[in-house]
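Count the sequence shown with UniProt numbering and you get residues 1 to 423, in order.
Where a beta carbon is used, it is the ideal one built from N, C-alpha and C, also for glycine.
This one's a predicted model, so the numbers in the text were calculated from it and none came from an experiment.
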Amino acid sequence: MKLELSRVVQGRSRLGVLKRLGRAGQHSLEVPGCLLYTHLGTVPHLTQDTLHTQSNLPSVTQVTLSNIAEHQEVLEEFKDGFRKFSGLHDTVLYCSLHDPATPCPTGYTTNKTVSVWGSGGRIELTVAKFMTLQRAVQPDWYQSMADGETWQSNTSRKRVRKSVDRTLAHLDECLLVHQKSQELEGVEVFGAVEGGDILEERVRSARETAKRPVAGFCLDGLQTGSMDQALRTQLITAVTKELPEDKPRLLQGVGRPDEVLECVDAGVDLFESFFPFQVTERGCALCFSFDVSPDPERAGRAPPAVLELDGEKEMAGETQQNGDLNLDDQTQMTSFEINLKDKRYQGDFRPLVEGCGCYCCKNHQRAYLHHLLVTNELLAGVLLMIHNTAHYHGFFSALREALANDKLDLLKRRVLRERDGQT
Ligand SMILES: [Zn+2]
């Protein structure tokens, strides 16, 4: 893996390409970018065929141990790794610990173990079991075992310090096993940076993790709902200062467009793309505008459908401003989306977003989606996921273009206007 930066704006926002990805080194991924979010290798609601009708898809697929751990025996028997097991072919496979869209219960870590939660309940992992699982999964990258239970704002300093110490100890043990394991030759390890909301612990965690032979860094415990954006930005800025320039920084649990932009500004390179899935699950469609083109013909392509949504967005805006800081925030509607279950769409014959090139927008109207949703048709999830995935990855393309053309501030202003319900 090699990170080539083509631009660094104001010393922090980074534009570049991660090259030589995958064991044969044939893949690359543009940054800032995101990984492809999946459940057991599949983007929820979509078959591989449907998924690959889309352009702009990330070349790295994310799977989580919380989903996979209970299938350890089957995978060991299968022998050929999770990529082949789940029918994935030409992709880089990244294995993280927890599913970013499913908050996991806290209070279950010890000095020697962490717990993940799958459909069958809790699975306790020691480093030995964690590494046996990685050998069965055979990913291209994986997140090292980490004690990430310190994201809540009332976590004591002592507990946060313990989490940093444990995570470093887990990383050292994982690296020891990794280096002796033939099956994991060429596989990259991402170290987790912990530290809760305590600046000194964040800096210590970053500094110490950076001393280890890791390929990149997972910024853990900063997810939506754990703290306000100002504090998150402050912590990330302090952390990224300590990390080497030539290795990627992946932020876990943050997916809202406004938060993504703030975090890119603080030096984050990679995100997890679970946000479109959450939007789909609540029967909503992403519809925020991210076009900053001065060309009037082009500028007219995406925004019109969005500009008419003032009234619709009021409710979501209020929810967001008054919402308590907790992980329930992740399931609440944001002002970047419209709720198609709402009766107002019953006779709305426009596409979800005017000018969107996705299959859903080219072939269907809001009224049809409304009908599918109120009658609980499975196709509703399929069509919404097609649109939401396309729209979200389109946003990341626009973000890179804005960085390349000195328009990041303009894009931020546009996205913040969307969030605050001003157009
Ligand atoms: Zn669309």
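Listed in chain order, the beta strand (DSSP E) elements of length 3 or more contained wholly in the segment 141-201 are 141-143 and 188-193. For ALA266, the three-state secondary structure derived from DSSP is coil. For LEU29, the Cβ stays outside the 7 Å cut-off from all heavy atoms of ligand 1. Here SER96 carries a strand assignment [DSSP, helix/strand/coil]. For the set GLU173, HIS178, LYS241 and HIS170, the Cα lying nearest the Cα of LEU199 is the one of LYS241.
ILE386 is bridged by DSSP to nothing; it lacks a bridge partner. With three or more CB-CB distances shorter than 8 Å, the segment 247-260 counts as touching the segment 213-225.
For the pair SER226 and TRP151, the CB atoms are nearer than the 8 Å cut-off. Distance check between ARG135 and each of GLY355, GLN72, GLU418 and ARG14 places GLN72 closest, using alpha-carbon atoms only. When rounded, the separation of the alpha-carbon atoms in LEU340 and HIS370 is 5 Å. Taken in chain order, the complete alpha helix (DSSP H) segments of 4 residues or longer contained in the segment 356-418 are 359-363, 366-374 and 378-404. Shortest gap from the CB of HIS391 to any heavy atom of ligand 1: under 7 Å. By the neighbour-count criterion, in which 16 or more other beta carbons inside 10 Å mark a residue as buried, SER55 falls on the exposed side. Closest in alpha carbon position to ALA169, among LEU403, VAL127 and ALA101, is VAL127. Rounded to the nearest angstrom, the gap between the Cα atoms of SER13 and GLY255 is 17 Å. HIS387 has its Cβ nearer than 7 Å to a heavy atom of ligand 1. Boundaries of the beta strand (DSSP E) around GLU4: 2-9. The alpha carbon of ASP258 has as its nearest neighbour, out of SER335, HIS393 and ARG350, the alpha carbon of SER335. Per the DSSP secondary-structure output, GLU76 pairs with nothing in a beta bridge. Assignment of VAL114 by DSSP, reduced to helix, strand and coil, places it in the strand class. Cβ-Cβ separation between THR61 and VAL92: approximately 7 Å, consistent with a contact (criterion under 8 Å). Short of 8 Å from the beta carbon of ASP348, and not among the five residues preceding or following it, lie these beta carbons of its own chain, in chain order: GLN365, ARG366, ALA367 and HIS370. Scanning its chain for C-beta atoms nearer than 8 Å, with the 5 sequence neighbours on each side dropped, one finds around SER96 the residues GLN62, VAL63, THR64, LEU65, TYR142, GLN143, CYS218, GLN252 and GLU272, in chain order. Contact between THR132 and ASP147 does not hold, since their C-beta atoms are separated by about 19 Å, which reaches or exceeds 8 Å. With a beta-carbon spacing of about 20 Å, CYS263 and GLU337 fall beyond the 8 Å limit used to define contacts. Residue environment analysis places ARG202 among the buried positions, since at least 16 neighbouring C-beta atoms fall within 10 angstroms of its C-beta. The closest CA to that of ARG161, considering only LEU399, GLU208 and ASP140, is found on GLU208.
Take the alpha-carbon of HIS52 and the one of ASP90: they are about 11 Å apart. In chain order, SER289, PHE290 and VAL292 place their CB closer than 7 Å to the CB of ARG414, counting only its own chain and leaving out the 5 sequence neighbours on each side. Scanning LYS84, GLU149, SER86 and LYS79 for the CA closest to the CA of THR113 turns up GLU149. Rounded to whole angstroms, TYR359 and SER397 show a C-alpha spacing of 19 Å. LEU36 and SER28 do not touch by the CB rule: their CB atoms are close to 14 Å apart, not below 8 Å. GLY16 is the residue among THR110, CYS104, GLY16 and GLY25 whose C-alpha sits nearest the C-alpha of LEU270. For LYS241, the uninterrupted alpha helix (DSSP H) segment begins and ends at 229-242. Annotated as distal: LYS180 and ALA215, with beta-carbon spacing of 8 Å or more.
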